[in-house]
Amino acid sequence: MASALTFAAHGEPEDVLQLQQDDASGAAPLGPKQVRLQLIAAPINPSDINTVQGKYPLKPLLPGVPGHEGVMRVEAAGAEVSTLRPGDRVVPLLPAVGTWRSSGVFEAEGWHAVPEGLPDDAAATLCINPPTAVCMLEHFVELKAGDVVVQNGATSAVGQV
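Going letter by letter, the sequence shown gives residues 1 to 161 in full-length UniProt numbering.
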């Protein structure tokens with residue numbers, strides 16, 4: 001049985017999130033370009049909380065499932081899916097896909113396989129903070145060999161990356 005945290009209205013998570021059970025999602029046939037995914041891990045980011053509150057710039061259709069990041073395992077792939085195979089661990093390429101669910105059916109083009117050697121916790125948090133850190137270092141200043149970067153307040157995952 002699949003389950004998901006859902007919200008039908010914006011508000012404080014403890015007031016609006018509900019755990020929903022779905023008996024049919026595991027049996028639904030896949031479209032030719034879809035994959036059935038099983039959750040491995042999904043973090044809770046401030047952006048997730050802000051999405052539920054309605055304060056984040058991206059506003060998924062309601063009712064919705066929160067979760068911008070996570071790592072899932074491909075359980076099955078549609079007939080036309082050539083980039084992902086059952087057993088692959090995948091991360092979302094798009095924001096607000098709703099990773100706070102035990103499983104789901106998604107369009108394969110919205111997911112990317114990650115290397116087997118990458119730990120699950122690193123894969124689950126791969127899509128928001130690491131690209132932000134890379135963007136800051138590559139697009140805001142031209143760094144050269146020997147340059148030093150000083151960062152103040154590196155308590156977030158961006159700072160750690």
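Think of the CB as a built atom: it goes at the ideal place given N, C-alpha and C, for glycine as much as any other residue.
DSSP three-state assignment for Gln151, whether helix, strand or coil: The residue you call residue 151 lines up with position 151 of the sequence shown. Correct three-state label for Gln151: coil.
Nearest candidate by alpha-carbon position, reference residue 166, set Leu143, Ala113, Val134, Ala96: The structure shown does not extend to residue 166, since the chain spans only 1 to 161, so no value can be given for it.
Rounded Cβ spacing between His112 and Leu93 (contact assumed at less than 8 Å): Translated into the one-based positions of the sequence shown, residue 112 becomes position 112. Translated into the one-based positions of the sequence shown, residue 93 becomes position 93. Correct: roughly 5 Å between the Cβ atoms.
Supposed close pair Ala27, Ser103 - CB separation, criterion 8 Å: Position 27 of the sequence shown holds residue 27. Position 103 of the sequence shown holds residue 103. Contact flag wrong, Cβ pair sits at about 11 Å.
Neighbourhood of Ala123 by C-beta, 7 Å cutoff - its chain only, sequence neighbours within 5 removed: To locate residue 123, count along the sequence shown from 1; it is residue 123. The residues are Val71, Arg89, Val91, Val114.
Beta-carbon spacing of Val35, Gly87 below 9 Å: On the sequence shown, position 35 is the one that residue 35 refers to. On the sequence shown, position 87 is the one that residue 87 refers to. No; because the gap between Cβ atoms is not below 9 Å, this pair is not in contact.
Residues that Pro92 bridges to, as DSSP identifies them: Here residue 92 refers to the residue found at position 92 when the sequence shown is read from its first residue. Pro92 pairs with Trp111.
Endpoints, beta strand (DSSP E) assigned at Thr99: As a working mapping, residue 99 is identified with position 99 in the sequence shown. DSSP places Thr99 outside any beta strand (DSSP E), giving it a letter other than H or E.
From Lys55, Pro46, Ile40, Val16, residue whose alpha carbon lies closest to that of Pro63: Here residue 63 corresponds to residue number 63 of the sequence shown, with the count starting at 1. Out of Lys55, Pro46, Ile40, Val16, Val16 has the C-alpha closest to the C-alpha of Pro63.
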